[in-house]
Every structure is written in structure tokens, then in C-alpha cells.
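Protein chains in written order, with our numbering: chain U, 3 to 303; chain Y, 930 to 1162.
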């Protein structure tokens, strides 16, 4: 061998662990899947809270009253009379008879079932806004109408508002649990990868240990390898989650011929939720790998 | 002996996993700068004794002081630090076959967290000293048995140890190659390193004029302080 072929000044240290140590192929994919699930859960949770938060104030303090015409009174006249009666109920701030044009096509399909007006004449809807401090309930309005010999169906939106808030909270809880499960899986995967890496390189690790490598140094080698793989998997998984969420939520806004104010407008800022997912997943993977490695190395005398 | 012992065993016992007592109640004291042989038949406990000194094994009973420190009192980081001051040349050499000679010698410096500029020149010097200056990029499999032993010595001394433990350093070597290895170890001893050589070759040990620790079927008490003058080969 030519002694001139090697120049110590240009020497670069070889990797302390062979390429691929503690980076089994499944580590990357499991990290990607877990982060995709966690990312989707995070975005779904944020969206649920956002939509719940946006819709609840629109619904609370509002009611919709449905009145139908009779043989003696047209629907428009009945609606005008009902609006006047309701407007005098204490706590009612304002009433507005909704324009029947956009509602009539839907009324036969949806509203008739709820209002029981499918068999009768045309229906008119009255939007009722209540004062937040002294909001009357549906029974009070019904009683006021009955006193004037009118019958109507009353939908208290406040009931929906409570349901919506509870559903949003439950959705948040469910996605939080999904997030926790995904992160627990990342922790388990990181520890398993570290143990498998240590088992594969036990001889090499022992050699370094006997040369004076500290537990922390050796655990850092294994932890570093695991961290790199988890980070790459997390980035890919989070990107996938971001793409899916963007497609689903933006696409969802355009579904149907009409949109509900407040549901529309998926906030792209929700994608920022993916950054902590990547950070937490990588941190957990690193922590798990380091702890598993330290536990195994401490069995050396 | 004027200086504190560099190695001290007090009633040290060690049992193998199969329950056999490999070392029983061994006491010995080694002065700094000594050159000693440790002899005995196979399975007499020579390698175990080296493992106990290099903190690669823990005694079942007794006290071991190395470099003035009671090894039982050390936490794991302190044991790692102490291990760096003890160079070990294993019987099976334990070189990394995917590493060049240069990388193998640099490895103990790297695991001691020394920076590359700090040890690069030293690796070159040590490899040149053991006679591998022209084979720095050779892999262990490309070296002769004698050169692999030279490489193992270079690796054991790169961190400037106070103690060098050599387990069968001349195994499978003949004639001049054997003495070349022993001369390297004697050179180190003259530089102040305490050298302890485990060997089955009792003729070699006794012919050297250096003190000999004999381990037999019944591991005996070696009560005396072992100290030597520099040895020539």
C-alpha cells in the first residue's frame, strides 16, 4: 500500500455506528403514520373548537318560529300577527319575517318534517332575536301565541348551541386522546428501535464502553440515530396530514349548493398545529430511545 | 515502595456465572511504573483479574483500588473516566474491522470526547511508533497478526494511560515478532506506564526477570507488594 495514499490531515472520522443502526425501516414508517394520525387529530380538534366557537354565538339567543296560514288567515298575515305578538314578549329584542323565496323550495323537504306543515298551507319563518340578559324560552313564546289563539312551531337555537358546544368539547377530547395515543406509540417505537439498535451493535457498544465511553455518550449515539429517523418520519407524516386536512376541509366548504356561515373558511393557520406535532414526536422518540439505551447500558458493569 | 500503590486488591473474590470461584481472597499491591507478568493455565483467572482492574467486572467480595480510588465508591461517570486512564489490549484485540488503522486508534480518543485536532497528530505519532506509519489506512483484515497486535497497542495507549493491561499480547506470534511486541510494552513502561501482561507462557515471563503473579487451580494469596525495575527484551 502506498504510504502517500493516506493523508492524516485530510482524515475524517468514520461514523461511530454503522449506517442504519437503530434506524430500522419500520421506524420511519411508523413515525410517519403516528404523526399523520396525530396531525390530523390536532387539526380536527382545532377545527371542531373553531367551528363550535364560531357557531355557538350565532345560535345562542335566537329562535325561529314557524307559522302556517289557515283558511281564515293567509300565511303572510299570520306571520305578521305572530311577529307582533312575539315582539311584545319581555326579553325579545327583535323579530324579522324571513323572505319566503329562498326558503320555500326547502320547506317541503326539510321544514315540513320539523314543523309538521307539509300537509297544510304555506309556511312563514320568523327569526327572533332575544336579549342576552333576559332571554325568554320557547314555552313563553308558545304561551303568548296560544293566548292569541295562534299555533306555531318554535325552534330554540340555544338548545342547538349547547349541543354544539358539547359536541365540540367531546370532539376535542376524542382527538386529544387520539393525539396522546399516537404520541405514546411514537414513544414505544423509539424505545423499540433503540433496543434493536443496541442488540445489533452490542459488541461495538461494549468496545466503546470499555474504552471509557460514558453511559450518556453511548445513549446519545443510539438516541441520535433514532431521533433522525423519527424526525424524517414525523415531517413526512405531518406533511401528509396537512395535505389531507387541507383537501378535506377546503373541499368540504364547497360541498352542496349552500354554505353555512361560520363553517366555511378552513383556517390554514390550523396547519401550524403540525409543527408542535413534529417537535413533540421527535422529542418523545429521542427521549424514549435515550432512556431505553441508558437502561440497557447500565447493565454493563 | 515510596509512592502509593497504583493497583491494590484486598481479599478480592470473583465467581463465574456457573458458580465457579475464579478468584478467591486475592490480595496484591502494584507500585506505579511496574512491569509485571501474570501467569497461569487457561481458566486460572488471568483475564478476570485484568477485567477487575479495568473495571469491566465487579468483584463479589473484597476491595479494589485503582489509581488511588476505591472502585466501589465510584459512580458510573467516574468509572468511565477512570477507564480512560487504563489501556487494555485484549487477547482477541477487539479491533473494528470496518475501521482503518487510523480510525481504530482514534476511537478511544473520540469516545473520550476529545476533539479531532487534539488527537489527529497523536494518532499519527503512535501509529508511526508501533511501526504502522505506512499502513494507517489499512483495515485490520489487511494486516498480519503481528501488525494487528501493534495496532491494538497503539489503540490502548492513545489516551496516554497510566496502566496498560495486555492479555496474551504475544499469542500466535513467533520469534522476533514476539519480542518486538514486548519491546513496545517495555518502551511504554520506561515512559512511566505501569504494564501488566497476562500470559500462559511461563518461560517468557520467568525469563524476563520481571515479577510474576502466578494464578493456579487454587487462586492464591499474593500478599507482597509487586514492584519492578525497567525490563529489557
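Idealized CB from N, CA, C, for every residue including glycine.
Check                                                                                                                                                 : Outcome
Candidates U:220, U:300, U:288, U:276, of which the one nearest residue 48 of chain U by Cα                                                           : U:276
Counterpart residues of residue 1052 of chain Y in DSSP-defined beta bridges                                                                          : DSSP output for residue 1052 of chain Y lists no bridge partner at all.
For residue 1095 of chain Y: DSSP bridge partner residues                                                                                             : Y:1018, Y:1126
Beta-carbon proximity check, residue 972 of chain Y vs residue 940 of chain Y, cutoff 8 angstroms                                                     : no
Minimum C-alpha distance to residue 1139 of chain Y - residue among Y:1097, Y:1000, Y:963                                                             : Y:963
Test item: CB-CB of residue 969 of chain Y and residue 952 of chain Y under 8 angstroms                                                               : no
Where the beta strand (DSSP E) through residue 955 of chain Y begins and ends                                                                         : 950-959
Nonlocal neighbours in the same chain, by C-beta distance under 7 angstroms from residue 93 of chain U, ignoring five residues either side            : 132, 133, 136, 137, 138
Straight-line gap, residue 213 of chain U to residue 1040 of chain Y (C-alpha atoms, nearest Å)                                                       : 7 angstroms
C-alpha gap between residue 1125 of chain Y and residue 977 of chain Y, whole angstroms                                                               : 13 angstroms
Residue environment, residue 1179 of chain Y, which counts as buried when at least 16 other CB atoms sit within 10 Å                                  : There is no way to answer for residue 1179 of chain Y, as the model of chain Y reaches only from 930 to 1162.
Residue-level contact to chain Y via CB, residue 215 of chain U, 8 angstroms cutoff                                                                   : yes
Inter-stretch contact at 8 angstroms, needing at least 3 Cβ pairs: the region 228-243 of chain U / the region 32-51 of chain U                        : yes
Minimum C-alpha distance to residue 215 of chain U - residue among U:82, U:7, U:11, U:18                                                              : U:18
CB contact check: residue 995 of chain Y to chain U, cutoff 8 angstroms                                                                               : no
At least three beta-carbon pairs within less than 8 angstroms, the region 23-35 of chain U to the region 1054-1067 of chain Y                         : no
Cβ of residue 46 of chain U within 8 angstroms of any chain Y Cβ                                                                                      : no
Presumed contact (8 angstroms Cβ cut-off) between residue 1055 of chain Y and residue 1086 of chain Y, rounded CB distance                            : 6 angstroms
Of the listed residues U:37, U:84, U:8, nearest to residue 232 of chain U (C-alpha basis)                                                             : U:37
Residue 1036 of chain Y at chain U interface by Cβ criterion, 8 angstroms                                                                             : yes
Contact list for the region 226-245 of chain U against chain Y, Cβ threshold 7 angstroms                                                              : none
Contact set between residue 1041 of chain Y and chain U, taken where Cβ atoms lie within less than 7 angstroms                                        : 214
Chain-order list of residues whose beta-carbon lies under 8 angstroms from that of residue 1024 of chain Y (same chain, five-residue window excluded) : 1033, 1069, 1077, 1080, 1081, 1084
Residue burial classification, residue 101 of chain U (beta-carbon count within 10 angstroms, cutoff 16)                                              : exposed
Which listed residue (Y:1114, Y:1115, Y:1052) has its alpha carbon closest to that of residue 14 of chain U                                           : Y:1052
Distance between residue 273 of chain U and residue 261 of chain U (C-alpha atoms, nearest Å)                                                         : Unreliable placement is indicated for residue 261 of chain U, whose pLDDT of 44 sits below 50; the coordinate value is still reported in the next sentence. C-alpha separation (whole angstroms): 23 angstroms.
For residue 36 of chain U, the residue or residues it bridges with in DSSP                                                                            : In the DSSP output, where bridge partners are listed per residue, residue 36 of chain U has none listed.
Three-state secondary structure assigned by DSSP to residue 264 of chain U                                                                            : Unreliable placement is indicated for residue 264 of chain U, whose pLDDT of 39 sits below 50; the coordinate value is still reported in the next sentence. Residue 264 of chain U falls in the coil class under three-state DSSP.
Chain U contacts made by the region 1060-1073 of chain Y, where a contact means CB separation under 9 angstroms                                       : 1062, 1063, 1064, 1065, 1066, 1067, 1071
Three-way DSSP call (helix, strand, coil) for residue 99 of chain U in this model                                                                     : strand
The region 285-292 of chain U / the region 1095-1109 of chain Y touching (three or more Cβ pairs under 8 angstroms)                                   : no
Environment of residue 949 of chain Y [buried if 16+ CB atoms lie within 10 Å]                                                                        : exposed
First through last residue of the alpha helix (DSSP H) which encompasses residue 155 of chain U                                                       : It is not in any alpha helix (DSSP H) - residue 155 of chain U instead sits in the beta strand (DSSP E) that spans 155-158.
Residue 1142 of chain Y: first and last residue of the uninterrupted beta strand (DSSP E) it sits in                                                  : 1141-1143
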